[in-house]
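Participant: Can you read through this structure? Questions will come right after.
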Amino acid sequence: MRLLSVRYPDTVVAAGADGAGPVRQVRGWWPAMRPGTAQAAVTAFHRGDPPRTSVHLVDLAGAGELAVPGTSLSPAALIADRLPHYVFWSRSGRFLAIVQPAGRTLGLRAWEVGKSASSVLLGGAPLFMDWSPVSDLLAIHHGETLSLCALPGGELRQLSANARGFRDPAFTADGQWLAWAEAEDNGVSLRALHLPSGHRVSGPRFEAPVAFLPGRSPTGVSVAVATPGESTVFAEVGTWQPGFEEYRVLFRGHHLAGWWSPTGERLAVLSPTFSGDGRFQVRFFDADGAPGCALEPIVLSADTRTAVSFFDQFGRSHSPWSTDGRWFTIGGRVATDGLHASYGPPALDRVLAIDSTAAARWQDLGRGTIGWVIATSGGGRP
């Protein structure tokens, strides 16, 4: 296996699995692998007067590096801590969607690899999106509007003017349906569009906000339903197949985030331990909602906390699962490995991995604030 990690303060490391050392080190944050290649889009901070930020396409197996046009910002501006740009590849790897600061709001650009310029699609905040798994179709939640954008043309088609909340829309695994949530009667109701026919359907209604779980939901789409009065603490996970009335609860229990594996066989959920010291526990469930193993509590790194806060978005662009659905990775430290992240230096953070098919302990893959298994070969240790 190969590991992609971010080491504090600003170095992206692509490393081998056999302890042979790093393959490539580049300056930057939040690398996103281009599907089917050894290339990654990396967002970088350039010191200077004034400082600037940009996105680069980097060959992690060689020495190639290309600045993505339209992404250089001077003076530098950030979307969130250590996040000057947010990048998200289409499933084909042909297009890169880029969210970046644009004055007092956010702007969304699209770049087709090999082109000399990127195009501005729209502006607004919040800005969340999902790529179709079967085409270069981009669903965009901007402000209170949900739109579809077909690339390379860039034409926008409005689907809803009432898409509330800081959350993603979601395609079903076969790309046939697009689902989203709309505000209704002091709650939210699910809506879905059947893309081939244009037929719309309504789904279940909830008293609290919802978030669509990233990964391959075994049935239609999966939603995490928030605790009433809360927007970031969830109380249950359920599945809904658009076009059918049935909504099925998979499990109930407080959690902050959830990620389906790429195979749809397992769901990883991050739950608070309620110990009062900021620790969280990863728990696994099978496709029917039956609980599996619960892991040793950990303290999250700052980068991981950002990814968890917007898990429905980052889980699509920077999945914590390996592509074969076996390994799950996270950044932070176990409770016995030094000071809490709020007090201890970020250099103490580690990239941790777990084999989800076995009841095992966290494996320490090395120093880093966050990491991803980017290639697998065999069943050995990452």
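To convert, count from 1 in the sequence shown and add 1; that's this note's numbering.
We put the beta carbon where it would ideally sit given N, CA and C, even for glycine.
Only a predicted model underlies this, so the values are computations on that prediction, with no experimental measurement involved.
Around the Cβ of residue 158, are there at least 16 other Cβ atoms within 10 angstroms (buried) or fewer (exposed)?
Facilitator: As a first step, residue 158 is located in the sequence shown; it is residue number 157 there, counting from the start. With fewer than 16 Cβ atoms within 10 Å of its Cβ, residue 158 is classed as exposed.
Participant: Pick out whichever of 205, 235, 253 and 130 has its Cα sitting closest to the Cα of residue 243.
Facilitator: Mapped onto the sequence shown, residue 243 falls at position 242. Considering only alpha carbons, the answer is 205.
Participant: Can you tell me the Cβ-Cβ gap for residue 53 and residue 74, rounded? I've got them flagged as a contact below 8 Å.
Facilitator: Start at 1 with the first residue of the sequence shown, and residue 53 comes out as number 52. Start at 1 with the first residue of the sequence shown, and residue 74 comes out as number 73. Sure, about 6 Å apart at Cβ, within 8 Å.
Participant: State the DSSP-derived secondary structure class of residue 347, mapped to helix, strand or coil.
Facilitator: Locating residue 347 in the sequence shown gives position 346, counting from the first residue. Residue state, collapsed to three classes: helix.
Participant: At a cut of 8 Å, does the region 172 to 183 reach the region 317 to 328 through at least three beta carbon pairs?
Facilitator: Segments in contact, no.
Participant: Look at the alpha carbon of residue 199 and the alpha carbon of residue 275, and state the distance between them as a whole number of angstroms.
Facilitator: Taking the first residue of the sequence shown as position 1, residue 199 is located at position 198. Taking the first residue of the sequence shown as position 1, residue 275 is located at position 274. Distance between the alpha carbons of residue 199 and residue 275: 46 Å.
Participant: If you measure between the beta carbons of residue 372 and residue 352, is that distance less than 7 Å?
Facilitator: Against the sequence shown, residue 372 aligns to sequence position 371. Against the sequence shown, residue 352 aligns to sequence position 351. Yes, the pair counts as a contact, with Cβ atoms nearer than the cut-off.
Participant: Give a yes or no on whether the C-beta atoms belonging to residue 111 and residue 98 are separated by under 7 Å.
Facilitator: Translated into positions along the sequence shown, residue 111 becomes position 110. Translated into positions along the sequence shown, residue 98 becomes position 97. The answer is yes: Cβ separation under 7 Å.
Participant: Pick out whichever of 295, 132 and 121 has its Cα sitting closest to the Cα of residue 92.
Facilitator: Position 91 of the sequence shown, counted from the first residue, corresponds to residue 92. The candidate whose alpha carbon is nearest that of residue 92 is 132.
Participant: Between the alpha carbons of residue 106 and residue 294, how many angstroms are there, rounded?
Facilitator: Here residue 106 corresponds to residue number 105 of the sequence shown, with the count starting at 1. Here residue 294 corresponds to residue number 293 of the sequence shown, with the count starting at 1. In a straight line, the C-alpha of residue 106 is about 42 Å away from that of residue 294.
Participant: Exposed or buried, residue 230, counting other C-beta atoms within 10 Å across all chains shown (16 or more means buried)?
Facilitator: Reading the sequence shown from its first residue, position 229 is the one you call residue 230. Exposed, since its Cβ has fewer than 16 Cβ neighbours within 10 Å.
Participant: Does the beta-carbon distance from residue 56 to residue 86 come in below 7 Å?
Facilitator: For the purposes of this step, residue 56 is taken as the residue at position 55 of the sequence shown. For the purposes of this step, residue 86 is taken as the residue at position 85 of the sequence shown. Contact flag set, yes.
Participant: How many Å lie between residue 267 and residue 81 at the Cα?
Facilitator: As a working mapping, residue 267 is identified with position 266 in the sequence shown. As a working mapping, residue 81 is identified with position 80 in the sequence shown. Straight-line Cα distance between these residues: approximately 30 Å.
Participant: Hey, how far is the Cα of residue 225 from the Cα of residue 214?
Facilitator: Counting from 1 along the sequence shown, the entry for residue 225 is found at position 224. Counting from 1 along the sequence shown, the entry for residue 214 is found at position 213. So the alpha carbons of these two residues sit roughly 7 Å apart.
Participant: Compare the C-alpha of residue 42 against each of 219, 72 and 50 and name the closest.
Facilitator: Residue 42 sits at position 41 when you count from the first residue of the sequence shown. Minimum Cα distance to residue 42 is reached at 72.
Participant: Starting from residue 13, trace the alpha helix (DSSP H) both ways and give me its first and last residue.
Facilitator: For the purposes of this step, residue 13 is taken as residue 12 along the sequence shown, with counting starting at 1. That residue, residue 13, is in no alpha helix (DSSP H); its beta strand (DSSP E) goes 12 to 16.
Participant: Report the start-end ranges of each beta strand (DSSP E) in the region 206 to 274 that is 3 residues or longer and not cut off at the edges.
Facilitator: The region 206 to 274 contains these whole beta strand (DSSP E) runs: 211 to 213, 222 to 227, 235 to 241, 248 to 256, 258 to 261 and 267 to 273.
Participant: Where does residue 148 sit, in a helix, a strand or coil, going by DSSP?
Facilitator: Residue 148 sits at position 147 when you count from the first residue of the sequence shown. Strand, per DSSP.
Participant: For the alpha helix (DSSP H) holding residue 313, just list the boundary residues, first then last.
Facilitator: To locate residue 313, count along the sequence shown from 1; it is residue 312. Start and end: 312 to 318.
Participant: With residue 301 as the anchor, note down where its beta strand (DSSP E) starts and where it stops.
Facilitator: Sequence index remark: in the sequence shown, residue 301 carries index 300 (1-based). Per DSSP, residue 301 belongs to the beta strand (DSSP E) from 299 to 301.
Participant: Among 117, 114, 83 and 77, which one has its Cα closest to the Cα of residue 103?
Facilitator: The residue you call residue 103 lines up with position 102 of the sequence shown. Comparing Cα positions, the closest option is 77.
Participant: Verify the CB distance criterion: does residue 46 have a CB-CB separation below 7 Å to chain B?
Facilitator: In the structure shown, chain B does not exist; there is a single protein chain.
Participant: Quick one: Cα of residue 124 to Cα of residue 156, how far?
Facilitator: Against the sequence shown, residue 124 aligns to sequence position 123. Against the sequence shown, residue 156 aligns to sequence position 155. Taking the straight line from one Cα to the other gives about 14 Å.
Participant: At the level of alpha carbons, what is the spacing between residue 333 and residue 25?
Facilitator: Start at 1 with the first residue of the sequence shown, and residue 333 comes out as number 332. Start at 1 with the first residue of the sequence shown, and residue 25 comes out as number 24. One C-alpha to the other measures close to 22 Å.
Participant: Which whole-angstrom value is the C-beta distance of residue 347 and residue 303, which I expect to be below 8 Å?
Facilitator: Along the sequence shown, read from residue 1 onward, the residue named residue 347 stands at position 346. Along the sequence shown, read from residue 1 onward, the residue named residue 303 stands at position 302. Confirmed, about 6 Å.
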